[in-house]
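Numbered per the numbering used here, the sequence shown spans residues 227 to 852. For every residue, glycine included, the Cβ atom is placed at its ideal position computed from N, Cα and C.
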Amino acid sequence: MEKQTHSFQAEVKQILHLVTHSLYSNKEIFLRELVSNASDACDKLRFEALDHAELFEEQPNLEVRVSFDAEQRTVTISDNGIGMSAEEAIAHLGTIAKSGTREFMAKLEGDQKKDANLIGQFGVGFYSGFIVADRITVETRRAGLKAEDGVRWSSEGTGDYEVETISKPGRGTDVILHLREGEEEFLKTWRLKSIISKYSDHISLPILMRKESWDPEKSEQQLTDEWESVNKASALWARSKSEVTPEQYEEFYKQISYDTEAPLAYTHNRVEGRSEYTQLLYIPAKAPFDLWNRDKRGGVKLYVKRVFIMDDAEALMPVYLRFVKGVIDSADLPLNVSRELLQESRDVKAIREGSTKRVLSMLETLADSEDAAERAKYAAFWKDFGAVLKEGIGEDHQNQERLAKLFRFASTQADEGVSFADYLSRMKEGQDVIYYITADSLAAAKNSPQLEIFRKKGIEVLLLVDRVDEWMLSHLYEFEGKSLQSVAKGAVDLGKLQDEAEKKAAEEAAEHFKPVLDRLKEALKERAKDVRVTTRLVDSPACIVVEEGDMSAHLARMLKQAGQNAPASKPTLEVNAEHALVKKLEGSAHFDELAQVLFDQALLAEGGQLEDPAAYVRRVNALLLG
227 MEKQTHSFQA
237 EVKQILHLVT
247 HSLYSNKEIF
257 LRELVSNASD
267 ACDKLRFEAL
277 DHAELFEEQP
287 NLEVRVSFDA
297 EQRTVTISDN
307 GIGMSAEEAI
317 AHLGTIAKSG
327 TREFMAKLEG
337 DQKKDANLIG
347 QFGVGFYSGF
357 IVADRITVET
367 RRAGLKAEDG
377 VRWSSEGTGD
387 YEVETISKPG
397 RGTDVILHLR
407 EGEEEFLKTW
417 RLKSIISKYS
427 DHISLPILMR
437 KESWDPEKSE
447 QQLTDEWESV
457 NKASALWARS
467 KSEVTPEQYE
477 EFYKQISYDT
487 EAPLAYTHNR
497 VEGRSEYTQL
507 LYIPAKAPFD
517 LWNRDKRGGV
527 KLYVKRVFIM
537 DDAEALMPVY
547 LRFVKGVIDS
557 ADLPLNVSRE
567 LLQESRDVKA
577 IREGSTKRVL
587 SMLETLADSE
597 DAAERAKYAA
607 FWKDFGAVLK
617 EGIGEDHQNQ
627 ERLAKLFRFA
637 STQADEGVSF
647 ADYLSRMKEG
657 QDVIYYITAD
667 SLAAAKNSPQ
677 LEIFRKKGIE
687 VLLLVDRVDE
697 WMLSHLYEFE
707 GKSLQSVAKG
717 AVDLGKLQDE
727 AEKKAAEEAA
737 EHFKPVLDRL
747 KEALKERAKD
757 VRVTTRLVDS
767 PACIVVEEGD
777 MSAHLARMLK
787 QAGQNAPASK
797 PTLEVNAEHA
807 LVKKLEGSAH
817 FDELAQVLFD
827 QALLAEGGQL
837 EDPAAYVRRV
847 NALLLG
């Protein structure tokens with residue numbers, strides 16, 4: 227193939243512009259990204275060679291080499307991994323088939339700190355080379371192709387790149403960075419070694435650099451022809467815990483997650499028994515941008531006997547723990563395991579259950595710690611990940627009780643951080659249920675009329691405002707023998723918490739008010755299933771409730787917002803017979819209009835929407851003028 231010039235994909239042009247003009251806070255990250263890519267290329271060859279051993283050619287030992295030429299001002303990262311064909315070089319280096327590209331742009335163009343650490347998070351790590359280089363040359367040959375099928379790719383990181391055929395005897399890829407003026411610090415052995423030690427020490431392949439020796443004539447170090455490994459070349463998770471420092475655990479997490487912050491917690495264990503595996507699992511400190519994408523594969527990497535198998539083995543972790551990052555290395559799974567086999571494997575089921583329990587134990591340790599700083603960590607975790615953890619109630623029946631203990635809510639006594647255990651410890655004598663209310667926001671829940679009698683009697687009510695709460699409640703019915711009861715469903719029954727005098731007064735009020743109730747039922751027969759006197763209201767004239775077993779108004783609204791049809795059912799209107807506005811109904815010449823206004827106001831108070839807002843405004847205006 228003669229030399230051809232191609233234009234970069236539009237997204238690549240944008241990224242290259244940002245890389246060369248904005249990513250300067252941590253330039254050394256380029257070496258981490260390119261060494262990581264080289265290691266991945268070797269992993270891919272090892273995986274493909276399971277079925278095609280001839281791909282190893284004459285080089286069975288996989289390695290990464292880092293070198294520099296001070297005179298030419300170049301740094302070269304070489305690997306003898308899978309390599310690329312001409313078509314693959316154009317596809318992989320000239321375009322980005324990655325959904326995260328747009329988010330990457332948004333993050334860098336926003337107000338956040340321009341940080342080079344972001345670049346690997348979106349699968350565009352190769353372009354980090356342009357942080358320090360004004361030209362990059364890639365020489366590559368795919369394993370299994372002839373020497374004359376080598377490819378040279380070259381670009382100055384502007385609008386286009388060149389591709390041509392070359393002869394390359396060895397398989398694999400050489401990435402040659404032609405450094406910009408002012409980047410001479412990367413032309414020193416000690417500097418490159420320190421970066422490799424910091425970011426890439428965990429990589430299980432040897433990373434080789436030329437040895438240096440002292441030249442007495444020039445009074446300086448000179449490179450020799452002898453190569454030495456500059457990393458430990460053993461998988462970090464395969465080492466004993468006593469050999470790994472907290473700093474190394476943190477750096478490894480940043481490497482695999484592309485996070486800039488240290489993890490909230492981590493666990494490193496070797497599990498033996500029916501299934502043998504090593505797990506190194508991390509809980510992030512902050513939620514990733516795609517946390518709510520349930521279709522995104524999880525962050526756990528699968529290795530089998532130290533051989534990398536896949537990046538996103540979702541079968542190893544339940545969907546509600548999709549935020550967990552880390553590595554699982556199995557001694558039992560076959561090296562050619564596929565995603566389909568993972569779904570059916572008994573060993574994988576054992577790994578999944580064991581890893582789930584380990585993650586929940588980490589969270590329990592934080593949540594139940596006597597150390598205030600650790601509990602604060604859990605509070606921060608709950609703020610970012612709590613709604614996702616709630617998904618587990620319906621997905622993981624085996625751990626339902628453990629999950630429920632980890633949940634935190636707002637209540638009428640605290641805006642956050644209330645556990646079920648806290649609630650039980652504050653229950654009134656004679657109270658035998660856990661009361662809750664669901665709403666669109668904390669303000670709507672706090673100000674709901676349904677809470678009035680509970681406030682008057684000092685009974686705590688949990689305020690549930692996450693979108694997932696309604697779904698969670700369809701799977702969680704009780705906690706430690708106490709059933710969960712909505713204050714907005716059915717007729718309120720405070721049982722032993724209501725004295726006989728109150729019950730008798732309510733019955734007498736209902737009897738006295740019966741003629742008005744009958745008229746209200748007739749006036750509202752198209753909108754309300756029933757109208758009754760309530761004992762739950764203190765200051766408000768009326769409220770909307772649904773019957774036990776019916777869908778809550780909050781859930782019906784969410785379904786409607788999602789474009790789905792909610793089952794048609796009329797709510798019940800409860801009225802406060804002692805309220806002045808309700809008393810005004812009796813003998814009013816505008817009875818029907820007042821009845822409609824009363825219903826509309828009750829609907830608005832619990833967060834509902836009026837089907838005909840203009841009619842409501844007309845009625846209120848007419849009553850004000852009358």
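### Pick from L547, E289 and E411 that is closest to R272, judged by C-alpha positions
For the purposes of this step, residue 272 is taken as the residue at position 46 of the sequence shown. Comparing Cα-Cα distances from R272 to each of L547, E289 and E411, the minimum goes to E289.
### Completely contained beta strand (DSSP E) runs for the segment 642-671, where each covers 3 or more residues
659-664
### Query
Ends of the beta strand (DSSP E) at E800?
The count along the sequence shown starts at 1 and reaches residue 800 at position 574. Per DSSP, E800 belongs to the beta strand (DSSP E) from T798 to V801.
### Task
Could you check the C-alpha separation between S325 and V644 for me, to the nearest Å?
Here residue 325 corresponds to residue number 99 of the sequence shown, with the count starting at 1. Here residue 644 corresponds to residue number 418 of the sequence shown, with the count starting at 1. Confidence in S325 is poor, its pLDDT being 42 and thus under 50, which makes the residue's placement too unreliable to answer from.
### Message
To the nearest angstrom, how far is the alpha carbon of L710 from that of G620?
### Response
As a position in the sequence shown, residue 710 is number 484, starting the count at 1. As a position in the sequence shown, residue 620 is number 394, starting the count at 1. When rounded, the distance between both Cα atoms is 16 Å.
### Task
State yes or no: is the C-beta of A606 within less than 8 Å of the C-beta of R578?
As a first step, residue 606 must be located in the sequence shown, where it is residue number 380. As a first step, residue 578 must be located in the sequence shown, where it is residue number 352. Cβ atoms of A606 and R578: not closer than 8 Å.
### Task
Give me the Cβ distance between K551 and Y475, rounded to the nearest whole Å; I'm assuming they're in contact under 8 Å.
In the sequence shown, the residue the question calls residue 551 occupies position 325. In the sequence shown, the residue the question calls residue 475 occupies position 249. Rounded, the Cβ-Cβ distance is 12 Å, inconsistent with contact.
### Query
With 16 as the cutoff for other CB atoms within 10 Å, does A640 come out buried or exposed?
On the sequence shown, residue 640 is found 414 positions in, with the first residue counted as 1. By the neighbour-count rule (16 or more Cβ atoms within 10 Å), A640 is not buried but exposed.
### Query
Taking the alpha-carbon positions, what's the L403 to E410 distance?
Along the sequence shown, read from residue 1 onward, the residue named residue 403 stands at position 177. Along the sequence shown, read from residue 1 onward, the residue named residue 410 stands at position 184. Cα to Cα, L403 sits roughly 12 Å from E410.
### Message
Tell me the DSSP secondary structure of I770 in three-state form.
### Response
Position 544 of the sequence shown, counting from 1, holds the residue named residue 770. Strand.
### Query
By Cβ distance below 8 Å, which residues in the same chain neighbour E804 in space, the five residues on each side in sequence not counted?
Taking the first residue of the sequence shown as position 1, residue 804 is located at position 578. Correct list, in chain order: A735.
### For S766 and L836, the rounded distance between their alpha carbons
Counting from 1 along the sequence shown, the entry for residue 836 is found at position 610. Counting from 1 along the sequence shown, the entry for residue 766 is found at position 540. Going from the Cα of L836 to the Cα of S766 covers about 19 Å.
### Message
Which residues does DSSP list as the beta-bridge partners of I402?
### Response
Here residue 402 refers to the residue found at position 176 when the sequence shown is read from its first residue. Answer is T302 and T363.
#### Entry: Outcome for D451 when other beta-carbon atoms lying within 10 angstroms are tallied against a minimum of 16
Residue mapping note: residue 451 aligns to position 225 of the sequence shown, counting from 1. Exposed: under 16 other Cβ atoms inside 10 Å.
### Message
Between which residues of its own chain and A317 is the CB-CB distance below 7 Å, once the five residues before and five after are set aside?
### Response
In the sequence shown, the residue the question calls residue 317 occupies position 91. Hits under 7 Å: none found.
### Task
At 4 residues or longer, and completely inside the segment 696-763: list those alpha helix (DSSP H) runs for me, N to C.
726-738 and 740-749
### Message
Quick check: S262 and G351, are their CB atoms within less than 8 Å of each other?
### Response
By one-based count along the sequence shown, residue 262 stands at place 36. By one-based count along the sequence shown, residue 351 stands at place 125. Cβ distance < 8 Å, so S262 and G351 count as in contact.
#### Entry: Secondary structure of Q474, DSSP reduced to three states
For the purposes of this step, residue 474 is taken as the residue at position 248 of the sequence shown. DSSP places Q474 in helix when its eight states are reduced to three.
### Query
Is F515 near D269, with beta carbons less than 8 Å apart?
As a position in the sequence shown, residue 515 is number 289, starting the count at 1. As a position in the sequence shown, residue 269 is number 43, starting the count at 1. Result no, Cβ atoms of F515 and D269 do not sit closer than 8 Å.
### Query
If you drop the 5 nearest sequence neighbours on each side, which residues of the same chain put their C-beta closer than 6 Å to that of D692?
Position 466 of the sequence shown, counting from 1, holds the residue named residue 692. Around D692: A613.
### Message
Buried or exposed, going by whether 16 or more other CB atoms sit within 10 Å of the CB of R845?
### Response
In the sequence shown, residue 845 corresponds to position 619, counting from 1. By the 10 Å Cβ count, R845 comes out buried.
### Task
Quick one: measure Cβ to Cβ for H232 and Y353, integer angstroms, because I've assumed they're closer than 8 Å.
In the sequence shown, residue 232 corresponds to position 6, counting from 1. In the sequence shown, residue 353 corresponds to position 127, counting from 1. Not confirmed; about 16 Å, so no contact.
### Alpha-carbon to alpha-carbon, H701 and Q564
The sequence position of residue 564 within the sequence shown is 338, counting from 1. The sequence position of residue 701 within the sequence shown is 475, counting from 1. Strictly speaking, residue 564 in this sequence is Ser, with Gln absent from that position. Answer to the nearest angstrom: the Cα atoms are 33 Å apart.
#### Entry: Cutoff 8 Å; reference D337; Cβ partners in own chain excluding five residues on either side
Here residue 337 is taken as the residue at index 111 of the sequence shown, counted from 1. Annotation note: pLDDT 45 at D337 (below 50); position unreliable, no value reported.
### Query
To which residues does DSSP link R436 through a beta bridge?
Taking the sequence shown and counting its residues from 1, one reaches residue 436 at position 210. Answer by DSSP bridge pairing, in chain order: W453.
#### Entry: Reduced DSSP category for T384 - H, G, I as helix; E, B as strand; rest coil
Counted from its first residue, the sequence shown places residue 384 at position 158. T384: coil per DSSP, three-state reduction.
### Task
Please report how far the alpha carbon of Y649 lies from the alpha carbon of E686, in whole angstroms.
For this step, residue 649 is matched to residue 423 along the sequence shown. For this step, residue 686 is matched to residue 460 along the sequence shown. Spanning the two alpha carbons is a distance of roughly 7 Å.
### Query
Buried or exposed: where does A323 fall if 16 or more other Cβ atoms within 10 Å of its Cβ makes it buried?
On the sequence shown, residue 323 is found 97 positions in, with the first residue counted as 1. The pLDDT assigned to A323 is 47, lower than 50, so where the model puts this residue is not dependable; a value taken from the coordinates is nonetheless given after this. A323 is exposed by the Cβ-count criterion.
### Task
Using three-state DSSP, classify R258 as helix, strand or coil.
Translated into positions along the sequence shown, residue 258 becomes position 32. The answer is helix: DSSP assigns R258 an H, G or I state.
#### Entry: From G499, W440, D427 and E600, residue whose alpha carbon lies closest to that of A511
Translated into the one-based positions of the sequence shown, residue 511 becomes position 285. Selected option, being the one with the closest Cα: E600.
### Message
In the DSSP output, which residue or residues are listed as bridge partners for M536?
### Response
The sequence position of residue 536 within the sequence shown is 310, counting from 1. In the DSSP output, where bridge partners are listed per residue, M536 has L528.
### Message
Any heavy atom of the ligand NAP inside 7 Å of the beta-carbon of G307?
### Response
No copy of the ligand NAP occurs in the structure displayed, which carries no ligand at all.
### DSSP three-state assignment for H816, whether helix, strand or coil
Against the sequence shown, residue 816 aligns to sequence position 590. Here H816 sits in coil by DSSP.
### Query
Buried or exposed: where does Y546 fall if 16 or more other Cβ atoms within 10 Å of its Cβ makes it buried?
For the purposes of this step, residue 546 is taken as residue 320 along the sequence shown, with counting starting at 1. Y546 is buried by the Cβ-count criterion.
### Message
According to DSSP, simplified to helix, strand and coil, what is L559?
### Response
One-based indexing of the sequence shown puts residue 559 at position 333. Residue state, collapsed to three classes: coil.
#### Entry: 8 Å Cβ cutoff met for I663 and V694
Counting from 1 along the sequence shown, the entry for residue 663 is found at position 437. Counting from 1 along the sequence shown, the entry for residue 694 is found at position 468. Cβ atoms of I663 and V694: not closer than 8 Å.
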